[in-house]
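Undergrad:
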DNA sequence: TAGATTGTTAATCGATTAACAATC
DNA sequence: TAGATTGTTAATCGATTAACAATC
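Residue numbers (the working numbering), protein chains in the order written: chain Y, 1 to 217; chain S, 1 to 217.
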């Protein structure tokens, strides 16, 4: 079997899937503010997206609104969580206990949004055994065993660029299917593995194209 | 990354601009490996992009290759740096000196790619005056003055979500034109301001759609 | 009811790809 | 030269938007 996703799911454009978490984040914000209902136009205004696009995106998955009144915020949140498989907490491993790994392991914003950092790995003997936010730093020697034993599917990769590909290969071999890569390098993985990239420099370099540098230097 | 609409004058699609930093990163990697020339097909293979797309993207800016032999790596790097305005080092401010702000200020991978973290701000009196990687944490009271005095154009926003919009308003009023937002919230800014988003949870929630959770829970 | 807003269709807009003459 | 690869065109593919009947 070449692909995991069934036909019906593959028919939905990936770009649509990518917007759902943004909708979810905005809806959760509205919910916190006490808003009970919203409309595609209100949501679109907040996100800088057309109302038509929001309605079209949602229509791939069902009918979640009511003519005349719009969407019930809490209900739409629940539906989006189901679509994105967020009805359980995904356990996550952090690879690399440098400054960034520390920051990720210390961040408490994951759990309410569907994830929990449960493991952190490093090669540095002086780091191994230390505890960050209740998580004990493990040796990279235990990587494969732990992944297989705990059925870890998702990892945050915060190792130096030179090691990113080799660690990725180990993660994939052990069964990881989703990697958020913080190293500034492109990873090569099998088709069934999902990679997300987080390289701040790439984003900054995108911006500088649009920023006039005349009075900067 | 959500950016302002490209100038009608430039006519170059924003999605093309967004790929240039990725090309640049891959080319720099090749250069480090000692590669002197490459081709659109080799580059495409590495990045999972078609060779036609790479040639088309580059053709918006000029003719950088040679039939039969491809592209001179070092030359193409130089051209891309010019296009993206990376021929000088952009000074950058970090807002927020929590774990993430610390990690950003401590990261030494910015400078060789066109950026230098030069300022870091926080409200916490116990943090102000401390030094991270040679940078003294300043009071948020000095934010506007410093931005205006130093003509700061780019900021990394690493403050709690509840403060992200109000701090953004202050940054924009003071003259900042590019913000990389690490807070899990959508920002509203004027058209001329470029926003990049870095919310790991949004990326993880995108992945989980494709990951089978059957044996996970 | 009258106004508001959905879900959906068709048209428009934009991006990607295949193909190939040019040429190193 | 012969093989390789570019830059570009036209065709294809896909995504966004405008518009509106349905209906709350």
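Where a beta carbon is used, it is the ideal one built from N, C-alpha and C, also for glycine.
Starting from residue 158 of chain Y, trace the beta strand (DSSP E) in both directions and tell me its first and last residue.
TA: Position 158 of the first chain holds residue 158 of chain Y. Premise fails: residue 158 of chain Y is in no beta strand (DSSP E) and is neither H nor E.
Undergrad: Would you call the region 170-178 of chain Y and the region 171-185 of chain S touching, i.e. three or more CB-CB distances under 8 Å?
TA: Not touching, per the Cβ criterion.
Undergrad: Pull up the distance between the alpha-carbon of residue 86 of chain S and that of residue 197 of chain Y, whole angstroms please.
TA: Numbered from 1 along the second chain, position 86 holds the residue referred to as residue 86 of chain S. Numbered from 1 along the first chain, position 197 holds the residue referred to as residue 197 of chain Y. Roughly 21 Å separates the two Cα atoms.
Undergrad: Here's the rule: buried if 16 or more other CB atoms are within 10 angstroms of the residue's CB, otherwise exposed. What is residue 122 of chain Y?
TA: Within the first chain, numbered from 1, the residue matching residue 122 of chain Y stands at position 122. Residue 122 of chain Y is buried by the Cβ-count criterion.
Undergrad: List the residues that DSSP assigns as beta-bridge partners of residue 94 of chain S.
TA: By one-based count along the second chain, residue 94 of chain S stands at place 94. Paired residue(s): S:120 and S:156.
Undergrad: How is residue 6 of chain Y classed by DSSP in three states: helix, strand or coil?
TA: Position 6 of the first chain, counted from the first residue, corresponds to residue 6 of chain Y. Only weak support is given to the placement of residue 6 of chain Y: the predicted model assigns it a pLDDT of 37, under 50, and the question is left unresolved by the model.
Undergrad: Report yes or no: do the region 11-24 of chain Y and the region 80-100 of chain Y share at least 3 C-beta pairs separated by less than 8 Å?
TA: Output reads yes: the region 80-100 of chain Y touches the region 11-24 of chain Y.
Undergrad: Taking Cβ positions only, does residue 44 of chain Y come closer than 8 Å to chain S?
TA: Here residue 44 of chain Y refers to the residue found at position 44 when the first chain is read from its first residue. So, not an interface residue.
Undergrad: Going by CA-CA distance only, name the one from Y:167, Y:159, Y:213 and Y:206 that's closest to residue 102 of chain Y.
TA: Indexing the first chain from 1 puts residue 102 of chain Y at position 102. Considering only alpha carbons, the answer is Y:159.
Undergrad: Hey, out of S:151, S:191, S:206 and S:211, whose CA is closest to residue 214 of chain Y's CA?
TA: Here residue 214 of chain Y corresponds to residue number 214 of the first chain, with the count starting at 1. Of S:151, S:191, S:206 and S:211, the residue nearest in Cα terms is S:151.
Undergrad: Throw me the rounded Cβ distance for the residue 138 of chain S and residue 154 of chain S pair, which I believe falls under 8 Å.
TA: For the purposes of this step, residue 138 of chain S is identified with residue 138 of the second chain, where counting begins at 1. For the purposes of this step, residue 154 of chain S is identified with residue 154 of the second chain, where counting begins at 1. Incorrect: roughly 16 Å between the Cβ atoms, too far for contact.
Undergrad: Of all the options Y:79, Y:212, Y:124 and Y:27, which has the alpha carbon lying nearest to the alpha carbon of residue 47 of chain Y?
TA: Taking the first residue of the first chain as position 1, residue 47 of chain Y is located at position 47. It is Y:27.
Undergrad: Take every Cβ of the region 127-136 of chain Y, pair it with every Cβ of the region 134-149 of chain S, and state whether three or more of those distances are shorter than 8 Å.
TA: No contact exists between the region 127-136 of chain Y and the region 134-149 of chain S.
Undergrad: Name the chain Y residues whose beta carbon is nearer than 8 Å to that of residue 106 of chain S?
TA: Taking the second chain and counting its residues from 1, one reaches residue 106 of chain S at position 106. Residues of chain Y passing the Cβ test: 99.
Undergrad: Pull up the CB-CB distance for residue 199 of chain S and residue 184 of chain S, whole angstroms please, since I reckon it's below 8 Å.
TA: Taking the first residue of the second chain as 1, we reach residue 199 of chain S at position 199. Taking the first residue of the second chain as 1, we reach residue 184 of chain S at position 184. Yes, residue 199 of chain S and residue 184 of chain S are in contact; Cβ-Cβ is about 5 Å, under 8 Å.
Undergrad: Do the CB positions of residue 73 of chain S and residue 38 of chain S come within less than 8 Å of each other?
TA: Sequence index remark: in the second chain, residue 73 of chain S carries index 73 (1-based). Sequence index remark: in the second chain, residue 38 of chain S carries index 38 (1-based). Yes, the pair counts as a contact, with Cβ atoms nearer than the cut-off.
Undergrad: Within a Cβ cutoff of 6 Å, which residues of the same chain sit near residue 156 of chain Y, ignoring the five residues on either side of it in sequence?
TA: As a first step, residue 156 of chain Y is located in the first chain; it is residue number 156 there, counting from the start. Closer than 6 Å at Cβ, skipping near neighbours: 94, 104 and 180.
Undergrad: Tell me whether residue 45 of chain S, by its Cβ, gets closer than 7 Å to a heavy atom of the ligand ZN.
TA: No copy of the ligand ZN occurs in the structure displayed, which carries no ligand at all.
Undergrad: Where do the ends of the alpha helix (DSSP H) carrying residue 43 of chain S lie?
TA: Working through the second chain from its first residue, we reach residue 43 of chain S at position 43. Unbroken alpha helix (DSSP H) run through residue 43 of chain S: 40-47.
Undergrad: With burial defined as no fewer than 16 other Cβ atoms inside 10 Å of the residue's Cβ, what is the status of residue 126 of chain Y: buried or exposed?
TA: Here the question's residue 126 of chain Y lines up with position 126 in the first chain. When all chains shown are included, residue 126 of chain Y counts as exposed.
Undergrad: Let me know the secondary structure DSSP gives residue 130 of chain S once reduced to three states.
TA: Position 130 of the second chain, counted from the start, is the residue given in the question as residue 130 of chain S. In the structure shown, residue 130 of chain S sits in coil (DSSP, three-state: anything other than H, G, I, E or B).
Undergrad: Which one or two residues does DSSP pair with residue 195 of chain Y in a beta bridge?
TA: If you number the first chain from 1, residue 195 of chain Y lands on position 195. Residue 195 of chain Y pairs with Y:179.
Undergrad: Does the CB of residue 93 of chain S have a neighbour CB from chain Y at under 8 Å?
TA: Here residue 93 of chain S corresponds to residue number 93 of the second chain, with the count starting at 1. Answer no: the Cβ-Cβ gap between residue 93 of chain S and chain Y never drops below 8 Å.
Undergrad: Just to check my reading of the structure: residue 90 of chain S and residue 115 of chain S have Cβ atoms closer than 8 Å, yes? What is that Cβ distance to the nearest angstrom?
TA: Translated into positions along the second chain, residue 90 of chain S becomes position 90. Translated into positions along the second chain, residue 115 of chain S becomes position 115. Yes, they are in contact, since the Cβ atoms of residue 90 of chain S and residue 115 of chain S sit about 5 Å apart, within 8 Å.
Undergrad: Name the chain Y residues whose beta carbon is nearer than 8 Å to that of residue 26 of chain S?
TA: Walking along the second chain from the start, residue 26 of chain S turns up at place 26. Neighbours of residue 26 of chain S on chain Y, chain order: 186.
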